[in-house]
Amino acid sequence: MGRMYGDDVLAGNWRRRKVVPEVDAEPDLVVEDADSGFCGAVVGFESGAVVLEDRHGRRRNFPLLPAAFLLDGQPVTLRRPGPAMAAPVRQRTASGSVAVAGVRAQVAKASRIWVEGIHDAALVERIWGDDLRIEGVVVEPLDGIDELAAEVRNFGPGPGRRLGVLVDHLVPGSKESRIVAAVTSPDVLVTGHPYVDVWQAVKPSAVGIPAWPVVPPGRPWKEGVCAALGVAEPAQMWRRILSRVDSFHDVETPLINAVERLIDFVTLPTGS
């Protein structure tokens, strides 16, 4: 059984790495300024600095310092491309993967990824849908995980039929952690995130709020959030949330880590 994947992909003193790749700052290349966290596409240069524009149309200038930017979560040094170095810009999926042109979706494989509900499934589809279709992996929503061990037995996991499970609120001592402990098959990987609900795995800034409201114990979390934000009902709030998610930049790192681990696990060749 897999454990919760809590490592931050951006953590660590990566500026001490000896080799940091240089990347041409071509138009529309999406990078993140390592110091400020500002993420945007390259739109030009001013006074020796690169100009980035985020998805809201805001622009900021950044000097082309060594290891000053992150590309796909890895440090890079941007350089201004010369006239002869212009090349087609790589298109990327919402998950940050390089988009593969002209490739048809595969027939669904026996392996599956399970998530707790339809909101989890919709969010995974919004960000990783292109990747999953190319890999031929289907995401299926559960109605909660109270009967997870029995559901896994009914699925019948095996070397060519792997199962990945994404669990909300997978923290030590929680009800979810006790349920997950009963799943011991080597062909099943359970990962999760620490948030009460997958809504909370969306960055508040993406939704246009300063922070997710604190809901008193004993009150349904989604209803409590709606009441605090003045939204009539959860379905309306969910439409607002999903409409604000364009890519992996709009969700928290623990969710990204968890889903990426599941995709890697269920797409490993048989025998790996």
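If you use UniProt numbering, the sequence shown closes out at 272, no skipped numbers anywhere. For each residue, glycine too, the CB sits at the ideal point set by N, CA and C.
- Residue pairing by DSSP puts E53 in a beta bridge opposite A41 and R59.
- In the displayed model, L242 falls within a helix according to three-state DSSP.
- A check of alpha carbon separations from G160 across L70, V245, G48 and D187 identifies D187 as the nearest.
- Between V198 and D168, the C-beta spacing is below 8 Å.
- Excluding residues up to 5 positions away in sequence, V30, V31, E32, D33, L52, D54 and H249 lie with their Cβ nearer than 8 Å to the Cβ of C39 in the same chain.
- Between the region 237-246 and the region 203-212 there are three or more C-beta pairs closer than 8 Å, enough to call the two in contact.
- By the criterion of at least three beta-carbon pairs nearer than 8 Å, the region 128-143 is not in contact with the region 221-238.
- If you ignore the 5 residues before and after G164, its C-beta comes within less than 6 Å of the C-beta of I113, L189, L262, F265 and V266, all in its own chain and listed in chain order.
- Following the DSSP letters along the chain, one finds D33 inside the beta strand (DSSP E) bounded by residues V30 to D33.
- Straight-line measurement puts the Cα of V50 at about 14 Å from the Cα of E22.
- Listed in chain order, the alpha helix (DSSP H) elements of length 4 or more contained wholly in the UniProt domain "DUF3097" (111-267) are 118-135, 148-155, 175-180, 204-207, 221-229, 234-243 and 253-266.
- Between the alpha carbons of P27 and V43 lies a distance of about 5 Å.
- For L64, the three-state secondary structure derived from DSSP is coil.
- For a cut-off of 8 Å, the C-beta gap from V115 to L166 is around 5 Å, short enough to register as a contact.
- Counting along the chain, D24 sits inside the beta strand (DSSP E) bounded by residues E22 to D24.
- Under the DSSP assignment, V76 falls in the beta strand (DSSP E) whose first and last residues are Q74 to R79.
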